[in-house]
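The sequence shown begins at 25 in the working numbering and counts up by one.
Written below as structure tokens is the structure these notes are about.
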Amino acid sequence: MTLVVGDVIAERTVHLTRESLVRYAGASGDFNPIHYRDDVAAAVGLPGVLAHGMLTMGIASSVVVSALPGTARVLDYGVRFTRPVVVDPETGADVTISAKVAAADDEAVRIDLTVKYAEATVLVKAQLRVAADSLA
25 MTLVVGDVIA ERTVHLTRES LVRYAGASGD FNPIHYRDDV AAAVGLPGVL
75 AHGMLTMGIA SSVVVSALPG TARVLDYGVR FTRPVVVDPE TGADVTISAK
125 VAAADDEAVR IDLTVKYAEA TVLVKAQLRV AADSLA
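Structure, rendered in structure tokens:
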């Protein structure tokens with residue numbers, strides 16, 4: 025697979041529901057009540073129940089990984105969390121991910137991710153590096 029700077033390699037919108045949060049809490053062991061109880065979220069000044077940051081981060085990386093060949097080796101992945109994803113009890117939340125090749129050399133390909141919820145960027149400096157030799 026040849027990746028060229030500027031290529032958009034993946035775009036996807038993932039719909040989260042309160043059930044998604046419960047399932048993630050069970051898998052991760054993160055049972056902080058701000059991720060499932062409206063009253064607790066409100067009591068600490070949040071706009072509503074929030075998706076787990078690591079869930080958002082994991083979803084974003086999975087969009088990239090699923091677009092790459094099975095031989096791809098992720099060298100590193102990092103993000104900075106900037107805004108929460110509020111998951112409405114009835115309508116849920118849509119998280120939109122776009123992955124674009126930002127840099128490439130003989131060693132690695134850097135893929136920058138744009139991750140948004142409700143038109144706001146929720147992850148910044150979201151970058152994933154893949155070993156160049158694992159894409160052949």
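Cβ coordinates follow ideal geometry from the N, Cα and C atoms, glycine included.
Residues of the same chain with a CB within less than 8 angstroms of the CB of T145, apart from the 5 flanking positions on each side, are T106, R107, T138, V139 in chain order. Counted as a single uninterrupted DSSP element, the stretch harbouring G30 is not any alpha helix (DSSP H), since DSSP gives it neither H nor E.
Taking each of L74, L159, D54 in turn and checking the Cα distance to V111, the smallest one comes out for L74. DSSP places T115 in no alpha helix (DSSP H); its state is neither H nor E.
Excluding five sequence positions before and after I33, the CB atoms of its chain that fall closer than 6 angstroms to its own CB belong to A91, A123, given in chain order. Burial check for M81: the Cβ neighbour count within 10 Å reaches 16 or more, so the residue is buried. Per DSSP, I83 lies in no beta strand (DSSP E) segment; the continuous alpha helix (DSSP H) that holds it begins and ends at 77 to 91.
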